[in-house]
Structures are given as structure tokens and as C-alpha cells.
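**Q**
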Amino acid sequence: MNITRNEVAEWLLMDNPVKLDELFRIADRVRYEFVGDAVHLRGLVEFSNYCARSCQYCGISVNSSDVKRYRMTHDEILDCAKKIKKLKYGTIVLQSGEDWGMDTNWMSELLRRIKQETDLAVTLSIGERKDEEFEEWFDAGADRFLMRFETTNQKLYEKIHPNLSGKVSNRFDILRKLKAIGYEVGSGVMVGIPGQTLKDLENDIMMFKELNLDMIGIGPYIPSPGTPLYEEKSLKNIVPPTVEMACKVVAVTRIVCPRANIPSTTALATLNGVDGRLQGLNCGANVLMPNVTPVKYRELYSIYPKKSALNEEEGGFSLSKWLESFGRVQGQGRGDSINLKYR
Ligand code: 5AD
30 MNITRNEVAE WLLMDNPVKL DELFRIADRV RYEFVGDAVH LRGLVEFSNY
80 CARSCQYCGI SVNSSDVKRY RMTHDEILDC AKKIKKLKYG TIVLQSGEDW
130 GMDTNWMSEL LRRIKQETDL AVTLSIGERK DEEFEEWFDA GADRFLMRFE
180 TTNQKLYEKI HPNLSGKVSN RFDILRKLKA IGYEVGSGVM VGIPGQTLKD
230 LENDIMMFKE LNLDMIGIGP YIPSPGTPLY EEKSLKNIVP PTVEMACKVV
280 AVTRIVCPRA NIPSTTALAT LNGVDGRLQG LNCGANVLMP NVTPVKYREL
330 YSIYPKKSAL NEEEGGFSLS KWLESFGRVQ GQGRGDSINL KYR
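Start counting the sequence shown at 30; every next residue gets the next number (the working numbering).
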């Protein structure tokens, strides 16, 4: 399906509800045709909330001095991996802040153990590291890497994601590097960051295509009390940080990048509970990331308030039954991106 930059811009502007329903239906059909009805489940383990960054939107930045810091042990993470296996999810996502106390070897050993003891695909979502580390961890068994570029608006990016002294971060270069190493690569943006425009989102979507991403995560920006961006008065909200706006971006992204794996994100669910997640799945998304972080750590991983946690262990909730109630099925196996074959 071909869609021009102008059409992308038009859809982003659209606020006629009848037309928007049409957009969501088109995206849902494209999703069905390219990636089918399977919803791949990724078990999310937030293994460390240490972070060296001072991102202005994030509740666990280095400046959030009242956050109690933790790093899970290998055994604790392995227990999560086994739980993920039991739930028949194909992937473990290891997510953390940019934790410089986590050294190269620590991660390599963890990856080798996960690979020895399970057949899960492993996704890293741990921020910016050295090229040599990306290489070593790929060799140790990591399959995929997620790193959102957050926005293509360079000025806005530099404001909300300050460089570390003496180190310029270029996430586009890093994403290309990860791909060259052999990772399945994911990125994404927040929708409704103060100061962000629809033109920026249009550029973001064109950038997803240019980077030929295998995975694309899109969620509404959620103001996090106590963070600099929450207090900021000079940047106005232009794009609404709503479920509907984020769903529009998901839908257009599905049409532009039909083979990508696209999650219905935690941030979507945080604004609108299970409903937000369902809306994402109905307008182009084909992945869910249930949180399997041990409960005692979960509230410490507070990147924004009231973060939703989709999980099956408590309350007898069955994700596969829920998916089947609206005509979808739990994905089998690792759920690799079909885009890999086309790069
Ligand atoms: N609102 C929404 N998403 C956020 N993230 C971090 N802080 C927020 C927030 N306040 C997202 C970023 C990051 C991902 C792990 O979580 O896009 O890349």
C-alpha cells in the first residue's frame, strides 16, 4: 500500500469521527493482511531503575532523587524468564534506565543463562551503550533492541533528553549500527510532548519508514509530576496527548510500515485501561507487553504515574481468552518481525 507524505499529514489533521473510523478500519485491514490475527506477547521485566540520564519527562531520571533504586539479581530475572515461558509468551524484554553500574559482563552472563535455560527471544531496552557492548551482547544471545528516538524534532529532543556532558547522542546512528550488527531493531515516539507539532509527527512516521524498523512503539506522553517537563510553562501543548491522537499515529504508522511489529503500549492503557489497549489493537497494533516485573519492584519503576500493568498471574485473567473474545489469537513461538526478510 502506498501512502504519500501529504496523505500522512492529512490523516494526522483529521478530526471528523466518521473519517477517523475509516482510517482505523483501513489500518486494521492492513494489519490483518500483513501480520495476521496473532497478537505476540512479550514479557516485560523492568530489571533496574538506575539511570544516568536526565530526561525531562521521566520519573526515574538521575534527578529524581526520592526514587529508591534497585537492580534485580540474575536469579530473580531468571525466575521471570521461567514465568514467561510458562505463560507461553515467546519473548522476554529486559528494560532498565541507562544503568552504568550494569557492566558488560553482567549482561553477557545473564543473556547466556537465559539462552541456556529457555528458548525465549531476548529484547534489550536499556538505552545508549558502547558499540562494542552492543556487539558482545548480540553474540551472547540478545536478539532484538528497542530504543525510541522520541521525536525527530532535534531542538525539542535536545531539550527533553539532554546530552551527557561531552557526549552527543544520535539515536538514528545507533539504530543503524544495531541493525548492521544483526539485531531486530525497534524505535518509536511519544505523542503529545509539549512543543511537539503535527509536522513533527509526520516527520517521525516518515523516519520510521526510512529506518525500515522491525518494531515501532507509540504511546501518549503522560505528564509525570515532579519532572522538569511537568513544571515547564514555556512549552505549550499543540498535539493532544490522548488515546485518540496516539491511535491516529499508530494507524498511519501501520499503513506506512505494514510489516512492522507494533505494540499497543502501556502508556495507551494507562490513559484508558484495558480499553486503551483494545483500541490500539483495533487500529494497527499486533503486540502486547504484559508486565512480569516482581510486584515489589514495579512501583519503583515509575517513569510516569499510575503505569498500567497487564498481567495474568493475579486475578485469574486469561489474555488468550480476552484476545479471542474479539477475534484475535495469542501468537505462537517467538513472534519475530516478518520485516526481517525484507531488509
Ligand atoms: N510518558 C509517556 N511515555 C514515557 N516514556 C518515558 N517517560 C514517559 C512519559 N512521561 C517512554 C519513553 C521511553 C519509554 C521506555 O517510555 O518513550 O522511550
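Glycine included, C-beta positions come from ideal geometry on N, C-alpha and C.
Along the alpha helix (DSSP H) that carries Val59, what are the first and last residues, could you check?
**A** The sequence position of residue 59 within the sequence shown is 30, counting from 1. Its alpha helix (DSSP H) spans residues 46 to 64.
**Q** Considering only heavy atoms of ligand 1, does any lie closer than 8 Å to the CB of Tyr250?
**A** Within the sequence shown, the letter at position 221 stands for residue 250. Answer for Tyr250: yes, Cβ within range of ligand 1.
**Q** Go to Glu75, then tell me how far its beta strand (DSSP E) extends in each direction, as first and last residue.
**A** Counting from one through the sequence shown, the residue named residue 75 turns up at place 46. Counting along the chain, the beta strand (DSSP E) containing Glu75 begins and ends at 67 to 77.
**Q** Comparing the CB of Tyr421 with every heavy atom of ligand 1, is any distance shorter than 8 Å?
**A** Any property of residue 421 remains undetermined from this structure, which presents the chain solely from 30 to 372.
**Q** State the CB to CB distance for the pair His103 and Glu138, rounded to an integer number of angstroms; the pair is presumed to be in contact (CB under 8 Å).
**A** Here residue 103 refers to the residue found at position 74 when the sequence shown is read from its first residue. Here residue 138 refers to the residue found at position 109 when the sequence shown is read from its first residue. Sure, about 7 Å apart at Cβ, within 8 Å.
**Q** With a threshold of 8 Å on Cβ separation, who are the neighbours of Leu230 within its own chain once the five nearest residues in sequence on each side are excluded?
**A** Taking the sequence shown and counting its residues from 1, one reaches residue 230 at position 201. The answer, listed in chain order, is Leu41, Val218, Val220, Val268, Val278.
**Q** How big is the Cα-Cα spacing for Phe110 and Ser347?
**A** Mapped onto the sequence shown, residue 110 falls at position 81. Mapped onto the sequence shown, residue 347 falls at position 318. The sequence as given places Ala at residue 110; Phe does not occur at that position. Each residue's alpha carbon lies about 19 Å from the other.
**Q** For Gly72 versus Thr120, is the C-beta distance shorter than 9 Å?
**A** Looking up residue 72 in the sequence shown gives position 43. Looking up residue 120 in the sequence shown gives position 91. Yes; because the gap between Cβ atoms is below 9 Å, this pair is in contact.
**Q** Is Cys87 close to ligand 1? I mean its beta-carbon at under 8 Å from any heavy atom of the ligand.
**A** One-based indexing of the sequence shown puts residue 87 at position 58. Flag set: Cβ of Cys87 near ligand 1.
**Q** Out of curiosity, what's the CA-to-CA distance linking Gln359 and Leu70?
**A** As a working note, residue 359 is residue 330 in the sequence shown. As a working note, residue 70 is residue 41 in the sequence shown. Going from the Cα of Gln359 to the Cα of Leu70 covers about 7 Å.
**Q** Can you confirm whether the stretch 84 to 92 touches the stretch 309 to 321 when touching is taken to mean that 3 or more C-beta pairs between the two stretches lie within less than 8 Å?
**A** no
**Q** What beta strand (DSSP E) runs, 3 residues minimum, are completely inside the stretch 201 to 261?
**A** 213 to 220, 244 to 249
**Q** When the Cα of Ser198 is compared with those of Asp66, Tyr250, Thr181, which residue comes out closest?
**A** Within the sequence shown, numbered from 1, the residue matching residue 198 stands at position 169. Nearest C-alpha to Ser198: Thr181.
**Q** Please report the straight-line C-alpha distance between Pro287 and Glu161, rounded to a whole angstrom.
**A** Counted from its first residue, the sequence shown places residue 287 at position 258. Counted from its first residue, the sequence shown places residue 161 at position 132. Looking at the two C-alpha atoms, the distance is approximately 32 Å.
**Q** Spatial neighbours of Lys206 within its chain, please: C-beta separation below 8 Å, excluding the five flanking residues on both sides.
**A** For the purposes of this step, residue 206 is identified with residue 177 of the sequence shown, where counting begins at 1. Here the set comprises Asp160, Phe163.
**Q** With a threshold of 8 Å, establish whether the CB of Thr256 neighbours any heavy atom of ligand 1.
**A** Along the sequence shown, one-based indexing puts residue 256 at 227. It does: the Cβ of Thr256 is within 8 Å (strictly closer) of some heavy atom of ligand 1.
**Q** Just to confirm the assignment, what range does the alpha helix (DSSP H) spanning Gln124 have?
**A** Here the question's residue 124 lines up with position 95 in the sequence shown. Gln124 -> not in any alpha helix (DSSP H); beta strand (DSSP E) instead, spanning 120 to 125.
**Q** With distance defined between alpha-carbon atoms, name the residue in Lys370, Ser366, Ser263 nearest to Gly65.
**A** For the purposes of this step, residue 65 is identified with residue 36 of the sequence shown, where counting begins at 1. For Gly65, the nearest C-alpha among the options comes from Ser366.
**Q** Work out the CA separation of Gly345 and Asn232 for me, nearest whole Å.
**A** Counting from 1 along the sequence shown, the entry for residue 232 is found at position 203. Counting from 1 along the sequence shown, the entry for residue 345 is found at position 316. So the alpha carbons of these two residues sit roughly 42 Å apart.
**Q** For Ser349, does the three-state DSSP call read helix, strand or coil?
**A** Against the sequence shown, residue 349 aligns to sequence position 320. Helix, per DSSP.
**Q** Residue ranges of each alpha helix (DSSP H) run of no fewer than 4 residues wholly in the stretch 306 to 366, ordered along the chain?
**A** 324 to 327, 348 to 353
**Q** With distance defined between alpha-carbon atoms, name the residue in Gly356, Thr282, Gly313 nearest to Thr34.
**A** Sequence index remark: in the sequence shown, residue 34 carries index 5 (1-based). In the sequence as displayed, the identity of residue 34 is Arg instead of Thr. When each option's Cα is compared against that of Arg34, the closest is Thr282.
**Q** Could you check where the beta strand (DSSP E) with Arg173 kicks off and where it finishes?
**A** Locating residue 173 in the sequence shown gives position 144, counting from the first residue. Arg173 -> beta strand (DSSP E) spans 173 to 175.
**Q** Roughly how many angstroms lie between the CA atoms of Met43 and Arg60, to the nearest whole one?
**A** On the sequence shown, position 14 is the one that residue 43 refers to. On the sequence shown, position 31 is the one that residue 60 refers to. Roughly 21 Å between the two C-alpha positions.
**Q** Would Ile222 pass as a contact of Leu175 if the rule is Cβ separation under 9 Å?
**A** Looking up residue 222 in the sequence shown gives position 193. Looking up residue 175 in the sequence shown gives position 146. Not closer than 9 Å, so no.
**Q** Assign Ala150 to one of three DSSP states: helix, strand, or coil.
**A** The residue labelled residue 150 in the question sits at position 121 within the sequence shown. In this structure, Ala150 counts as strand in the three-state DSSP scheme.
**Q** Return the bridge partner residues of Asn290 from the DSSP annotation.
**A** On the sequence shown, residue 290 is found 261 positions in, with the first residue counted as 1. Paired residue(s): Met244.
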